[in-house]
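Novice: Residue numbers (the numbering used here), protein chains in the order written: chain A, 2 to 127; chain B, 2 to 127.
Here a beta-carbon is modelled for each residue, glycine too, at the ideal position from N, C-alpha and C.
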DNA sequence: CTGACATCTGCACATATATGAAGATATAGG
DNA sequence: CCTATATCTTCATATATGTGCAGATGTCAG
């Protein structure tokens, strides 16, 4: 803390130390940022995004139908669902031979909603 | 389309073909989903998330001060900023020896805002 | 119990990504 | 022009990630 070598920091601790202190104080915690980043990372894949939007639209779908809707292999869907399930983004329910998935995270649902709106607005621009 | 081998699809095309067709029809496009996923992926890193929140908070900060606020190396910050800049999430401006960055994407700002609210509410739960 | 079907998991591989070190570029000040 | 500072880029590497295949598990029908 006391010694600042010229390796990777500014020569002086910062260009505007006062403001740095203020911003650092109100900045999101490292672990909270990590959780949030993990959530965003979960949404950072086209297949997973489409699966989630399909569930947002349909409410509940089995793996087989999800694969058909998204237009990809069941293995891919199953793997994606495993991730989403592990993160608590979706919930599953067994009915006979089929397993039905639905959204199970308010934050995820909100991000999907918000993003969809933004996309539909953006289509006017281009 | 006509022939469905038993490899990776359901024996019948889908458990509920009618609903599959409806959902598939209204589902987000593949390329739109890819763009969206790319954006989420951009937010899927703790360092980048903290940088973005620092900018959301401060409005504008130079690389040096950003590194101090986030508490990491300037190299890391610089690399993160390159990605964010490439994606159009931030914008930079040179002032002498310093380069100042600010947010430059309404969608990103909104996602950050919405998520921050959700986080602060969630702190009550746990 | 046996067979068919839906889903899941483990494995292997190609690719993507984060990271740190070292050097390159740009700017201000003399 | 020369030096110091701030930022950027290149490179090498360890790790993470997506993907397909093959096999395992679970469930129903007979």
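Please report the straight-line C-alpha distance between residue 121 of chain B and residue 18 of chain B, rounded to a whole angstrom.
Specialist: 42 Å
Novice: Would you give the residue range spanned by the alpha helix (DSSP H) that residue 44 of chain A belongs to?
Specialist: Secondary structure note for residue 44 of chain A: it is in no alpha helix (DSSP H), with a DSSP letter that is neither H nor E.
Novice: Using a Cβ-Cβ cutoff of less than 8 Å, which residues in the same chain neighbour residue 71 of chain B once the five nearest sequence positions on both sides are dropped?
Specialist: 48, 51, 52, 55 and 78
Novice: Using only CA atoms, which one of B:117, B:106 and B:107 lies nearest to residue 111 of chain A?
Specialist: B:117
Novice: Can you give me, in chain order, the residues of the stretch 32-49 of chain A that have a beta carbon less than 7 Å from any beta carbon in chain B?
Specialist: Within the stretch 32-49 of chain A, the qualifying residues are 33, 34, 35, 37, 38, 41, 42, 44, 45, 46 and 47.
Novice: Check whether chain B comes within 8 Å of residue 27 of chain A, counting only Cβ atoms and requiring the distance to be less than that.
Specialist: Yes, contact with chain B.
Novice: Can a CB atom of chain A be found closer than 8 Å to the CB of residue 99 of chain B?
Specialist: So yes, residue 99 of chain B belongs to the interface.
Novice: Which residue from B:69, B:45, B:32 and B:86 puts its Cα closest to that of residue 16 of chain A?
Specialist: Nearest of B:69, B:45, B:32 and B:86 to residue 16 of chain A, Cα basis: B:69.
Novice: Is there contact between the stretch 33-44 of chain B and the stretch 20-33 of chain A, where contact requires at least three CB pairs shorter than 8 Å?
Specialist: no
Novice: Which first and last residues belong to the beta strand (DSSP E) in which residue 96 of chain A is found?
Specialist: 91-96
Novice: Is it right to say residue 45 of chain B is buried, meaning 16 or more other beta carbons lie within 10 angstroms of its own, or is it exposed?
Specialist: buried
Novice: Do you know offhand how far residue 94 of chain B's Cα is from residue 43 of chain B's?
Specialist: 21 Å
Novice: Find out if the Cβ-Cβ distance for the pair residue 119 of chain A, residue 108 of chain B is shorter than 8 Å.
Specialist: yes
Novice: If we count the other Cβ atoms within 10 Å of its Cβ and call it buried at 16 or more, is residue 32 of chain A buried or exposed?
Specialist: Exposed.
Novice: Kindly indicate if chain A contains any beta-carbon less than 8 Å away from that of residue 6 of chain B.
Specialist: The predicted model places residue 6 of chain B with a pLDDT of 42, which falls under 50 and marks its position as unreliable, so this point remains unresolved.
Novice: To be precise: take each residue of the stretch 58-80 of chain A, compare its Cβ to all Cβ atoms of chain B, and keep it if any distance is under 8 Å. Which residues remain?
Specialist: Going along the stretch 58-80 of chain A in chain order, one finds 58, 59, 62, 63, 65, 66, 68, 69, 70, 71, 72, 74, 75 and 76 with a Cβ nearer than 8 Å to chain B.
Novice: Residue 65 of chain A and residue 75 of chain A - do their beta-carbons sit closer together than 8 Å?
Specialist: Yes, they are a contact pair.
Novice: What separation, rounded to the nearest whole angstrom, lies between the Cα atoms of residue 105 of chain A and residue 98 of chain B?
Specialist: 49 Å
Novice: Along chain A, which residues have their Cβ under 8 Å away from the Cβ of residue 203 of chain B?
Specialist: With chain B covering 2 to 127 only, the question about residue 203 of chain B has no answer from this structure.
Novice: Look up residue 84 of chain B in the DSSP assignment and say whether it is helix, strand or coil.
Specialist: Reduced to three states, the DSSP call for residue 84 of chain B is helix.
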